[in-house]
Amino acid sequence: MSWRDQKQAASFRGVAFEVLRDSAPAGQRTQVHEYPQRDTPLVEALGKRTKEIRVTAFVAGDDCLSQRDALLEVIEQPGSGELILPWTGSITATCIDCTYQHDRRTQGMVQFELVFVEGEAEPSYPVAGADAASTLNSAADAVQMSALERFTAALEGIDLSQISLDAVLTPIGQVLEVVQDVYGSVSGVLGSAQRVFDSVMAGPGAFAHAVFGIIGGARSLFGGFYSRAQGVMSLFGLADRADAVQRLGGTLLPSGAANRVFVAAVRSLVQDAVAVDAVRGASELPSKTISVTRAGQVAVDGLKQGGVAVDSGTLGQVVDGLTGVDRVELPVADDVLQVRDGISESLWALPSSHQRRITR
Numbered sequence: 001m002s003w004r005d006q007k008q009a010a011s012f013r014g015v016a017f018e019v020l021r022d023s024a025p026a027g028q029r030t031q032v033h034e035y036p037q038r039d040t041p042l043v044e045a046l047g048k049r050t051k052e053i054r055v056t057a058f059v060a061g062d063d064c065l066s067q068r069d070a071l072l073e074v075i076e077q078p079g080s081g082e083l084i085l086p087w088t089g090s091i092t093a094t095c096i097d098c099t100y101q102h103d104r105r106t107q108g109m110v111q112f113e114l115v116f117v118e119g120e121a122e123p124s125y126p127v128a129g130a131d132a133a134s135t136l137n138s139a140a141d142a143v144q145m146s147a148l149e150r151f152t153a154a155l156e157g158i159d160l161s162q163i164s165l166d167a168v169l170t171p172i173g174q175v176l177e178v179v180q181d182v183y184g185s186v187s188g189v190l191g192s193a194q195r196v197f198d199s200v201m202a203g204p205g206a207f208a209h210a211v212f213g214i215i216g217g218a219r220s221l222f223g224g225f226y227s228r229a230q231g232v233m234s235l236f237g238l239a240d241r242a243d244a245v246q247r248l249g250g251t252l253l254p255s256g257a258a259n260r261v262f263v264a265a266v267r268s269l270v271q272d273a274v275a276v277d278a279v280r281g282a283s284e285l286p287s288k289t290i291s292v293t294r295a296g297q298v299a300v301d302g303l304k305q306g307g308v309a310v311d312s313g314t315l316g317q318v319v320d321g322l323t324g325v326d327r328v329e330l331p332v333a334d335d336v337l338q339v340r341d342g343i344s345e346s347l348w349a350l351p352s353s354h355q356r357r358i359t360r
C-alpha cells in the first residue's frame, strides 16, 4: 500500500482542516549525570519524549471564516480529543497552543500554527471497584427474601380448602417440565405436581424455602463457557435459565379464582428462584477484575421490587468481563453479549402482577 493510499483527511474533534506540514520529536527523555574525575557521563533514560506535534494548517474557501470559527471552537474546548493527521493517523491529543492569521495576499484562507501534545487530559489512577460477585449475590439475597414474602402473602389471601387438586395438577406439571429441562431431574417438593400440592398445603413458607434450596442446589461447578451439560454453569447454562424464566411465564393457569392464584403463586415463585439462580450463576463464572458502578447497583436493587432488573451496569459487566479470562476456551464477544441481553430481557419480562414493593 502506497503512502497515497494511507494518507488521511486531517481533523481535530471532527472539524476538518488542511495541513501544509507537521513535525514531532522522537526518542527518549534523558537525564545526564556528570561526575568529577570521570570522562563519560551517565545518561539515565526516563521514558519516551513527550510528543509535541507542531502543525501548519489552513482552511480555505468562501466559507473560510465559518471554518475558522468551527476549528477555534473545538481548539478552545478543555480536555483532549481525537487528532487525525494525514501521515500519522489518529491519536488522542490536547491543543496547547494556537496562532491564526489572515493575510491580504491570500484572501479566502486562514492559516493556523498549532501545537498538540499527545496524551489524555485527565490523569488515570487505579480506582477501587466493588466486588461484582458480592454485589450480585447481595442483590439475589434481597430478591429471594422478597419472593418468599410475596408467595406467602398471595396464599394468605385465598382459602386453600377451595383449591381443586384436579384443576391445578396439569399447570403445575408444566412448570415442573420447564425446571427439569434446565436442571435435569429434581426431587423433593418439586419431584411431582402432587408433591408440590401437598407441600404447599402443609406449609407455604417451608415449601417456598425448599424451592430456592432445590433450584440453587441443582447448579454445579463451572464446566467451560460453552458446555451444554445440564446443570453445568456456563454461558449456555445462563442462556437456558433466561429462557426458562420466559417459558414459565407462558404456562397455563386453571379456571377458578382460587385455583388461578394458587398456580400463579407457585409459578411466580419458581420464576423468581430461576432468575435468582441466573444472577448467582453469573457471579460464579470466571471473570477478570472489574468495577461495578453505582448505576449498576441501583439496577439490581430493582430486584427487590419483584421485577428482576439486571442490566449492563451489573450482570452485563460481569458477563462482559468474561472476555478477559485467560483460558483456552474463551467466549467471543458476540456470544457474551447475546447471553447478557437474553438474561436481561428475560428478567425484565417477569410479570408485574405478583409484585409487591419491599422497602428497605
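full-length UniProt numbering puts the last residue of the sequence shown at 360; the count rises by one with no breaks. C-beta: ideal position from N, C-alpha, C; glycine also.
Query, Result
"Span of the alpha helix (DSSP H) holding Tyr183?", "165-183"
"Take Ala273 and list the residues in its own chain whose beta-carbon comes closer than 6 Å to its own, dropping the five residues that flank it on each side.", "Val211, Phe212, Ile215"
"Hey, which unbroken runs of the beta strand (DSSP E) at 3 residues or more fall wholly within the UniProt domain \"DNA circulation N-terminal\" (8-92)?", "18-23, 28-33, 42-48, 52-60, 81-85"
"To which residues of the same chain is Gly173 closer than 7 Å at the C-beta, ignoring the five residues directly before and after it?", "Ala193"
"Pairs of beta-carbons, one from the region 58-66 and one from the region 1-21, closer than 8 Å: are there three or more?", "yes"
"Quick check on this structure: which residue in Leu46, Arg280, Ile53 has the alpha carbon closest to the alpha carbon of Thr30?", "Leu46"
"So for Thr251, helix, strand or coil by DSSP?", "coil"
"Just verifying my parser: in three-state terms, what is the DSSP assignment at Gln107?", "coil"
"Do Leu83 and Phe151 have their beta-carbon atoms positioned less than 9 Å apart in this structure?", "no"
"Within 10 angstroms of the Cβ of Arg241, are there 16 or more other Cβ atoms? Answer buried if so, exposed if not.", "buried"
"In the DSSP output, which residue or residues are listed as bridge partners for Asp141?", "Answer by DSSP bridge pairing: none, since Asp141 is not bridged."
"Measuring only the C-alpha atoms, how far is Gly256 from Leu176?", "21 Å"
"Determine the closest residue to Val32 out of Ala24, Pro41, Ala26, Pro25, with distance taken between C-alpha atoms.", "Pro41"
"Could you give the distance in angstroms between the alpha-carbon of Ala167 and the alpha-carbon of Ser134?", "42 Å"
"Tell me whether Ile163 is buried or exposed, calling it buried when 16 or more other Cβ atoms sit within 10 Å of its Cβ.", "buried"
"So, helix, strand or coil for Glu113, using DSSP?", "strand"
"Look up Glu118 in the DSSP assignment and say whether it is helix, strand or coil.", "strand"
"Given this structure, state the Cα-to-Cα distance separating Gly27 from Lys48, to the nearest angstrom.", "6 Å"
"Within this structure, are the beta carbons of Pro204 and Leu155 separated by less than 9 Å?", "yes"
"Expressed to the nearest angstrom, what Euclidean distance is found between the alpha-carbon atoms of Leu148 and Leu160?", "18 Å"
"Is Glu156 helix, strand or coil when you go by DSSP?", "helix"
"Name the residue from Arg267, Pro78, Thr88 whose alpha carbon lies nearest to the alpha carbon of Pro171.", "Arg267"
"Excluding five sequence neighbours on each side, which residues of the same chain lie with their C-beta closer than 8 Å to the C-beta of Val189?", "Arg195, Val196, Ser199, Phe207, Ala210, Val211, Ile214"
"According to the neighbour-count rule (16 or more other Cβ atoms, all chains shown, within 10 Å of its Cβ), is Val43 buried or exposed?", "exposed"
"Alpha carbon to alpha carbon, how far is Pro78 from Leu269? Give it in angstroms, no decimals.", "53 Å"
"For Asp63, which residues in the same chain have their Cβ closer than 7 Å to its Cβ, ignoring the five residues on either side in sequence?", "none"
"Quick one: Cα of Thr88 to Cα of Ala278, how far?", "47 Å"
"Can you tell me which residues form a DSSP beta bridge with Asp97?", "Val115"
"Between the Cα of Ile53 and the Cα atoms of Gly119, Ser187, Met201, which residue gives the shortest distance?", "Gly119"
"Would you report the Cα separation of Ala202 and Phe262, rounded to the nearest angstrom?", "14 Å"
"Going by other Cβ atoms of all chains shown within 10 Å of its Cβ, with 16 needed for buried, is Ala140 buried or exposed?", "buried"
"Between the Cα of Leu165 and the Cα atoms of Ala258, Glu73, Gly184, Gln144, which residue gives the shortest distance?", "Ala258"
"Take Leu65 as the anchor and find which of Glu76, Val110, Leu85 has the nearest alpha-carbon.", "Val110"
"Exposed or buried, Asp68, counting other C-beta atoms within 10 Å across all chains shown (16 or more means buried)?", "Checking the displayed sequence, the identity of residue 68 turns out to be Arg instead of Asp. Label assigned to Arg68: buried."
"Leaving out the 5 sequence neighbours to the left and right, which residues in its chain are closer than 7 Å to Leu252 when beta-carbon positions are compared?", "Pro171, Gln174"
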